[in-house]
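Protein chains in written order, with my numbering: chain X, 1072 to 1430; chain G, 37 to 954.
Heads up, the beta-carbon is just placed ideally off N, CA and C, and yes, glycines get one too.
Read the structure below first, then the notes.
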Amino acid sequence: MSGKVQIFLIVSWLFLLLSSGCKEMYEPELEAGQEPLVVDAHITNLEEVCYVKLTKAVAYNEGFRKIGVISADVWLQDNEGSEYHLVEATSGLYKTNPQDFIPSMGKAYQLHIRLQNGETYESTPQSLLPYPHLDSLYGNLLEKEFIYKDVWGKVVSKYEIGASNVIDFSSSSDTLLQYRIATTLLLGYTYIDNSTKPYPTVIYKWKKFYPDKTYNLTGENTSIQTNHLTNYAACFFPFNEYLYELTSEEHSELWFLQARVYSLGKEAQNYYKQVNKQLSSSGAIFDPISTQVEGNMYCTSDPELQVLGFFDLSACSKISRWVKPLLSDNMILYRPCMDLDSIDEFGLTIQETPVFWKY
Amino acid sequence: MSPVNSISARKSSLAIKLYKCLRAIGLFIILIYSVAAYSQNSNNSETQGNLSYPEYFQRLEKIYQLQIFYKPEWFNEKQVSSALLEMKLPDALARIDKLAGVEHLFIDSLNLIFLPLTDSPANGNSGGADDIMIIGNSLEYGKYKRAKLNGHVFNGTTGEPLAGVSLQLEHSSLYAVTDIYGEFSLEMPVGEYTLKFNYIGYETRRQKIRLTSNGTADFDLFEKTLELGEVVITDSRVDNRINRSSLGNIRMDSKTLKALPTSLGESDLMKAVTLLPGIQSVGEFGSGFIVRGSNADQNLVLLDELPVFNTSHLFGLQSTINTDVIQSVTLYKAGIPAQYGERTSSVLSIKTGNDQQVPIRVRGGLGPLNSRISLDGRIFRKRVYILLAARSSYSNWLLHQLPDLDLKNSSAGFNDFNLQSLIPIGKNDKLNLSGYMSNDNFSFNRNTRYFYGNRILSLRWNHVFNKRLTSSMTGGWSNYLNHISQYDSLYRQDGKTIDFRIDYYSLKAALNWFPNAYHAIETGVNLIQYHNQAGNLQPYNDLSAVIARKLPQEQAVEAAIYCRDDWNPTANLNLDFGIRLVRYLSSGPGIVYKYAEGLAREEETIIDTISYQDKAKITGHFAVEPRIAIRYSVTENSSIKAGYSRIHQYLSLISNTAVMSPTDTWKLSNPYFDPLYNDQYSLGFYRSSSDNSYESSLEAWYKQSHNEMDYKNGAELFMNPHLETEMMKVSGYGYGLEFYLKKNKGKITGWISYTYSRSFRHTTSDILKEQINSNREYPSTYDIPHNLVTSVNYQITRRWKASATFYYNTGRPVTLPELKYLVDGNQLTYFSARNKYRMPDYHRLDVSVTLDQNLRVKRQWKGSWILSIINVYGRKNAYSIFYSREDPRNWDFNNRYSLYKLYIMGIPFPTLTYNFVF
């Protein structure tokens, strides 16, 4: 047997060994008792409508139900006893009125819920911490190896050019705070409809993406011990249109990025870390065992009753930028732009550029 | 932050206490020596009576530190007077020869063989004697009347010299016996003769020779069957499972180990161990093993008396111990003798090297994952034995050639090295120097790299005072370290390196005293010093925002004295009892946090921080560990055994991963981590057939563990300076029944091993946050009720052998999601009570075919091929069950999560390995 043949056999064997090990969907028979209430509440200090969403957990093997918990009485109470009631905007979604309620720094708030069946719930008190000062959002071009499925569904690896975005921010707080950074990417693209004769029609489209796979927490790495963070990685996004599921007739035109930075209390920090552990679990051999996410809501009418979710009260600052890659100069231009929160998740205009399309 | 108190001068010095401790131990040794010396001069008054030959040989072995080999049928029902025990050994042996019609041969000072005076039917096979071998110078034929024939006798299969081979000139009274180097010398008249070679377990060989003048000739003998011959000798020894008092004690020599079914083309120690009753693997190719439902860190793996902290290469694909260097392995899973402590569940003692090997021998193997080579033999006029061995993988290079992206972006490799030297100093002293090093590295992607390795160095000095008193002293160092570096160009601020390291220094002294035929007493001291660096975090480079942080190094001393007596009060009864006294002291520098009474231990409930200066005592503990094992021989072939032991453990592995991983860290006992201890009770029945063709055993056990630690949900263990906030104290118990049936002889050999065992735990805290499953009992992670292993070997011809092994066990307990819900656009799950569910049952069939080496006598290079197929029917056994995004690496915006089963092997795996020796 020649040397080449031997090596081929060994390589083939190793390939078989290592690539045959794999994961497959597992559907065991599971017991599920009660379907506990799920609270998804995010209140910030910004002048914006905030929501508290009430739903029910479902058995693991079942599909999600689209109906929330309706007709509940939901209110916030501060440590001075003042109450701020939320109104039901749609099925299970309760909203604040920014004219009536914006939390104040230094005050503690509790979320109270009373369901139609008389069950009552409340959160642990959450204090509003000092909000972070955002200095700048900037970045540079970076080529990064990406793993994704190609058009044939095969997992492939390619180096993609994209924007590596970083942020500088700080806090005036005397104590060390931890932060959560959330980013929103808005892609503006065009489609030329040649069927409209004699002149083709330009259709302006946009849609939002959320590049963060898990929560970006400064405290995830417990070794960062400063309230003045510079050059902190916010997110990376590639410029390849294919990765945003555009059709071959659609072409990217504009990129907008918004970063929100939240100051987190200890409970919120722990909660998001636990969520991250669950979300980032990949089953690798050295991964920690399954993580139960502990929230901060309790049932006051029946302490035995389970309740899931979290009441998050955070001081927040945000910054939005138009991001223009200058590939020939090997740099990216960042310019102020309209607040992305005021733009719908997706939409289009015909022949007329959208209002935010200006820079 | 809490106020800081400083405790320094006020604390009594640890050094002074250590000095006192050492002084007490020194006095104890002197006392024992004095008793020993006195006892040598005293007259023994022993009970007079008759003994069976096996019992008599057993006592001879204890008195003279011998190993005696014989076939029981040569002695049948005969008995011998115990008065022979008082005779001088040569006189006693001569008497035995006469009484039983046998002859004895000393292979060396430690090994004695009995042979029948006449050929037994088993030895009656004739070797080929047609070819005449001319020895000496033919031209000188007739010049001399007498001439001397010098030569060697070797094992024709392995090339090892055979000691104790009897050479006889047929129809003559002239004979010779080979010495420990396989050498012989025989003077005879010149002429033609037939030389007859006899050796137990080997085919009798007749060789025609024509001796013309002084000359040399070497001869090869072959085992009757290549593997079984070795087993016959091992099992015919007095020291077998029936007659040993200790329970759960399994011994294997290197050949027995190599005769076991192979894994990935070569024999593997850890996998061989998991074939035995009561022992399971932590998972398919998992690192470590589980003994009777206890955690893997409760097993003490000793390599030449020093602990090995990590026993697996490549996530458990192979064990870190190269089987080529193993001389013998002894596993204690119950009735652990008093000289062992430190870990509560089992002791696996590995001895390396084979100082019977005289000519320099080179062995090696070419496998699909790695290659290995070893060299051993005697140097310096055959006085000093030396062993050098190395293994190295080439999986790293291969991984990079593969088209699969996951594999291409990964790297994995290992190597290990063994060194041993046995140096005799005078007649009564011997030095044994042993060294070991292993290195592993791997990365799953290019951002995170892992490196870990063991380092072990030991020096043992054996001294023989006289035939009744021997001593040994061992000093050594064992180290385990792992290094992780993380750097992602996208998240430069997070780049960091993390180092963990544990150093273990040990000094052991032991005295073995055999005052008479009924007692074998061992006493000694063990001193251990631990240095544990549980975490050192450093920024990866200047761009990193990571702040350097180092957890305080933990330091502790564990000192133990022990005494053990192996006593035969009657012919049928044996008592092995002992006691071990252990003193543990942990010392500064260190920090201990104080928590508010009645509240859960959390960072928020810290009310005080106590800082200890260097060598100040932090915590101390004293333990008494009684050990007893009783054996009652019901008949010559059956016995009942019972035992009890208590063992304390001061060092635990902190692991929150699905399986024990090499990146886990160790933790020493402190005010919050009380020493783990367990009590184990065992009862067993053992039986073998009269010719040892079959042996069987049934063992029942019950054990209680105290002060074990379990993890809070989502415990944060990484670089945590107050681990007690993430862990809870739990109590546990387990019980089980183990059945073992083995067939030793014939063309078909093998065994069936079945274990039923349970293992439960529960918390006892009144504080809600420190409870698991509301203090209700829950199965431990290693609660595996049913475990079955069957293994069959079929010797097809002398060179061809086939074997098959089938494994079955109940799936391990696991915590699974019962509910799912949406929060902030993410699908989260709510998990069941701890370990409420089980993974699917595990079963697998492996087969292998071996073409053994060519048996031609003069062939220098001898090789063998092993073709094995692992997982013949391609079962996808679960390695772990986990909840995960469809593919978290992909750049897409789906948030689909599912429950997955991870399996290591999903198809049958053929492997072909070539092993060689020259």
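Checklist entry - Comparing the C-beta of ARG1103 of chain X with each C-beta of chain G, is any distance below 9 Å? => result Here the sequence assigns Ala to residue 1103 of chain X, which means Arg is not the residue at that position. Yes, ALA1103 of chain X counts as interfacial toward chain G.
Checklist entry - Going by DSSP, what residues sit across from ASN477 of chain G in a beta bridge? => result G:GLY449 and G:PHE487
Next on the checklist: Quick check on LEU411 of chain G - is its C-beta less than 9 Å from some C-beta in chain X?
Outcome noted: no
Checklist entry - Should THR1191 of chain X be flagged as near chain G, meaning a C-beta pair shorter than 9 Å? => result No, its Cβ sits nowhere closer than 9 Å to a Cβ of chain G.
Item to check | Any chain G beta carbon closer than 9 Å to PRO1425 of chain X | outcome: no
Item to check | Buried/exposed call for TYR909 of chain G, threshold 16 Cβ in 10 Å | outcome: exposed
Item to check | Bridge partners - PRO946 of chain G, DSSP secondary structure assignment | outcome: Partner(s): G:ILE905.
Checklist entry - Taking the Cβ atom as the reference point for each residue, do ILE676 of chain G and GLY720 of chain G lie within a distance shorter than 9 Å? => result yes
Next on the checklist: Does the structure place the segment 728–741 of chain G close enough to the segment 774–781 of chain G that three or more beta carbon pairs sit under 8 Å?
Outcome noted: yes
Next on the checklist: Residues of the segment 824–851 of chain G in Cβ contact with chain X at a cutoff of 7 Å, in chain order, please.
Outcome noted: Correct list: THR851.
Checklist entry - Which residues in chain G sit within 9 Å of VAL1346 of chain X, going by Cβ to Cβ distance? => result VAL859, ASP860, ASN862 and LEU864
Item to check | CB contact check: VAL1394 of chain X to chain G, cutoff 9 Å | outcome: no
Checklist entry - Rounded to a whole number of angstroms, what is the C-alpha to C-alpha distance between LYS653 of chain G and ASN706 of chain G? => result The straight-line gap separating the alpha-carbon atoms of LYS653 of chain G and ASN706 of chain G is approximately 11 Å.
Checklist entry - So is GLY18 of chain G in contact with chain X if we call contact Cβ pairs under 9 Å? => result Because chain G is modelled from 37 through 954, residue 18 of chain G falls outside the range shown and cannot be assessed.
Next on the checklist: Using beta carbons (cut-off 9 Å, strictly below), is TYR814 of chain G in contact with chain X?
Outcome noted: no
Checklist entry - In this structure, does DSSP put GLN1349 of chain X in helix, strand or coil? => result helix
Checklist entry - Mind pulling the chain B residues with CB within less than 7 Å of TYR1303 of chain X? => result No chain B is part of this structure, whose protein chains are labelled X and G.
Item to check | Beta-carbon contacts of ILE643 of chain G that lie in its chain and below 7 Å, excluding the five residues immediately before and after | outcome: SER38, LYS630, TYR631 and ALA632
Checklist entry - Does the pairing of the segment 1110–1128 of chain X with the segment 1169–1180 of chain X give three or more beta-carbon distances under 8 Å? => result yes
Checklist entry - In this structure, what does DSSP give as the bridge partners for TYR554 of chain G? => result TYR554 of chain G pairs with nothing; no bridge assigned.
Item to check | Boundaries (first-last residue) of the alpha helix (DSSP H) holding GLN94 of chain G | outcome: 89–100
Checklist entry - Looking at GLN1363 of chain X and LEU1257 of chain X, is the spacing between their C-beta atoms short of 9 Å? => result Contact annotation: LEU1257 of chain X and GLN1363 of chain X have beta-carbon atoms that are not nearer than 9 Å.
Item to check | Contact belief for GLN375 of chain G with TYR598 of chain G at Cβ below 8 Å, rounded distance in angstroms | outcome: 6 Å
Next on the checklist: Need the endpoints of the beta strand (DSSP E) that MET306 of chain G sits in, please.
Outcome noted: Run containing MET306 of chain G: none in the beta strand (DSSP E); it sits in the alpha helix (DSSP H), 305–309.
Next on the checklist: Between ILE820 of chain G and chain X, is any beta-carbon pair separated by less than 9 Å?
Outcome noted: Not flagged as an interface residue toward chain X: ILE820 of chain G, since no C-beta distance is shorter than 9 Å.
Checklist entry - How would you call TRP702 of chain G, buried or exposed, if buried means at least 16 neighbouring beta carbons within 10 angstroms? => result buried
Checklist entry - Mind pulling the chain X residues with CB within less than 8 Å of TYR936 of chain G? => result LYS1094, GLU1095, MET1096, TYR1097 and GLY1354
Next on the checklist: Could you check whether the Cβ of ASN749 of chain G sits closer than 9 Å to any Cβ belonging to chain X?
Outcome noted: yes
Next on the checklist: As a quick exercise: from G:TYR620, G:ASP256 and G:PHE478, pick the residue whose alpha carbon is nearest that of HIS684 of chain G.
Outcome noted: For HIS684 of chain G, the nearest C-alpha among the options comes from G:TYR620.
Item to check | Selection from X:LYS1348, X:PRO1174 and X:SER1385 that minimises the alpha carbon distance to LYS1337 of chain X | outcome: X:SER1385
Checklist entry - Between the beta-carbon of TRP1326 of chain X and the beta-carbon of TRP1428 of chain X, is there less than 9 Å? => result The answer is no: Cβ separation not under 9 Å.
Next on the checklist: Counting only Cβ pairs nearer than 7 Å, list the residues of chain G close to VAL1332 of chain X.
Outcome noted: Neighbours of VAL1332 of chain X in chain G, taken as residues at a C-beta separation under 7 Å, are lacking, since the least C-beta distance is about 15 Å.
Checklist entry - Taking Cβ-Cβ distances shorter than 7 Å, what residues in chain G pair up with LEU1398 of chain X? => result Neighbours of LEU1398 of chain X on chain G: none; closest Cβ ~19 Å, over 7 Å.
Item to check | Pair within 9 Å by beta-carbon distance, ARG485 of chain G and ILE534 of chain G | outcome: The criterion of a C-beta distance shorter than 9 Å is not satisfied by ARG485 of chain G and ILE534 of chain G.
Checklist entry - Quick one: what does DSSP say LEU759 of chain G is sitting in, helix, strand or coil? => result helix
Checklist entry - Under 9 Å, do LEU505 of chain G and SER470 of chain G count as touching if we go by C-beta distance? => result Result no, Cβ atoms of LEU505 of chain G and SER470 of chain G do not sit closer than 9 Å.
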